[in-house]
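**Q** There's a structure below that I have some questions on.
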Ligand code: PBG
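Written as structure tokens, this is what we have:
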């Protein structure tokens with residue numbers, strides 16, 4: 004028979020599972036994940052978030068069990084969000100030594116010294132108005148907020164946080180936090196900057212979980228416009244100049260182009276934040292029996308790595324680690 008060179012036979016490399024494994028370009032492992040935990044003040048708290056099935060607000064007495072499971076699954080890092088009882092204008096609960104995230108950090112580092120604790124550094128969970136900084140003239144005042152953010156970062160590092168992750172989108176936050184950490188003796192603590200954070204409707208369920216919905220207005224004067232791409236490069240470049248050690252792109256699914264752009268921009272580790280609304284959509288469809296949850300989740304997370312993410316912050320981390328282990 005004559006050899007047909009008229010076309011390429013791509014199917015040769017898809018012929019069976021072994022061949023497909025041999026040529027697979029992207030893999031997921033438990034090392035890729037950072038698992039978010041909502042730590043609540045109080046005792047005996049284990050509140051499932053109604054818009055996020057399988058995700059709970061946990062008090063300190065329930066935290067150890069959760070982190071033990073995370074560790075057993077091979078996940079190396081958790082990111083903590085606080086759910087305090089009291090809130091005030093300045094978000095005091097974010098930067099006091101007895102803040103809920105500081106307490107949770109100390110507990111985790113005492114009990115599981117190898118577990119990396121990432122501290123989300125923001126004020127919105129602690130302010131009475133729900134914004135990510137101090138309010139002046141009905142808007143968040145950039146420079147007044149920076150001082151409180153720096154205090155928050157230092158108090159989190161003092162409590163034992165391994166990575167500081169500022170998420171409030173004030174200009175200059177990496178510089179101010181880097182200087183404050185260095186002055187306090189934490190030169191070795193990296194900054195995982197939410198460098199590119201869009202003003203996104205996909206954060207809705209998180210705001211249920213963290214009780215952090217803004218009480219007036221929205222976050223559009225500090226979080227980015229979803230229509231913009233070049234602006235993401237400006238944000239990422241600025242944070243690199245200011246000394247960020249990781250760059251987060253958030254959300255992930257509707258922003259895979261941005262993940263790729265940021266990947267191409269630098270050699271710094273890129274983190275995709277697979278946010279709450281992205282979790283809820285898949286959960287809702289799965290609970291209705293409309294999609295194959297496992298297959299859809301794996302495909303989504305692979306797409307983030309393929310786009311260029313090195314790490315993924317995801318509420319699916321435990322599920323996926325379990326699937327990968329089997
Ligand atoms: C705090 C913060 C938010 C998220 C992470 N850090 C909420 C927001 O900016 O409104 C959202 C995460 C998610 O939706 O999973 N600023």
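In the working numbering, the protein residues as written are 4 to 329.
Using N, Cα and C, we set each Cβ at its ideal position, and we do this for glycine too.
Should residue 290 be labelled buried (16 or more other beta-carbon atoms within 10 Å of its own) or exposed?
**A** So residue 290 ends up on the exposed side.
**Q** Can you look up residue 228 in the DSSP assignment and give me helix, strand or coil?
**A** coil
**Q** Can you tell me which residues form a DSSP beta bridge with residue 52?
**A** The secondary-structure analysis by DSSP pairs residue 52 across a beta bridge with 55.
**Q** Should residue 190 be labelled buried (16 or more other beta-carbon atoms within 10 Å of its own) or exposed?
**A** exposed
**Q** Below 6 Å CB to CB, which residues in the same chain sit around residue 144 once its five sequence neighbours on both sides are set aside?
**A** 137
**Q** Hey, residue 236 and residue 268 are a contact pair by Cβ (cut 8 Å); roughly how many whole angstroms apart?
**A** 6 Å
**Q** Decide yes or no for the touch test of the stretch 208-217 against the stretch 179-189: beta carbon pairs closer than 8 Å, at least 3 of them.
**A** Because the criterion of three Cβ pairs below 8 Å is not met, the stretch 208-217 and the stretch 179-189 do not touch.
**Q** Could you tell me if residue 281 is buried or exposed, where buried requires 16 or more neighbouring beta carbons within 10 angstroms of its beta carbon?
**A** buried
**Q** For residue 154, collect the residues of the same chain with a Cβ closer than 7 Å to its Cβ; drop the 5 residues on either side in sequence, then sort them by chain order.
**A** Answer for residue 154: 98, listed in chain order.
**Q** Enumerate in chain order the residues of its own chain whose CB-to-CB distance from residue 296 is below 6 Å, with the five nearest sequence positions on each side excluded.
**A** Around residue 296: 289.
**Q** Look at the Cβ atom of residue 170, then the Cβ atom of residue 224, and state whether they are nearer than 8 Å.
**A** At least 8 Å separates the beta-carbon of residue 170 from that of residue 224.
**Q** Given 7 Å as the limit, tell me if residue 41 has its C-beta closer than that to any heavy atom belonging to ligand 1.
**A** no
**Q** Any heavy atom of ligand 1 closer than 7 Å to the beta-carbon of residue 85?
**A** No, the Cβ of residue 85 stays beyond 7 Å of every heavy atom of ligand 1.
**Q** Taking buried to mean at least 16 other C-beta atoms within 10 Å of its own C-beta, is residue 228 buried or exposed?
**A** exposed
**Q** Does DSSP put residue 170 in a helix, in a strand, or in coil?
**A** Reduced to three states, the DSSP call for residue 170 is coil.
**Q** For ligand 1, I want to know if residue 206 counts as a neighbour, meaning its beta carbon is within less than 7 Å of at least one of the ligand's heavy atoms.
**A** yes
**Q** Spatial neighbours of residue 248 within its chain, please: CB distance less than 6 Å, with the 5 preceding and 5 following residues excluded, ordered by chain position.
**A** 193, 194
**Q** At 3 residues or longer, and completely inside the stretch 106-170: list those beta strand (DSSP E) runs for me, N to C.
**A** 119-124, 137-139, 142-144, 166-169
**Q** For the beta strand (DSSP E) containing residue 70, list its first residue and its last residue.
**A** Where residue 70 is concerned, there is no enclosing beta strand (DSSP E), although the alpha helix (DSSP H) it sits in stretches over 63-75.
**Q** Can you name, in chain order, every residue of its own chain whose Cβ lies under 7 Å from the Cβ of residue 175, other than the five neighbours on each side?
**A** 149
**Q** In chain order, which beta strand (DSSP E) runs of at least 3 residues are fully inside the stretch 201-257?
**A** 249-253
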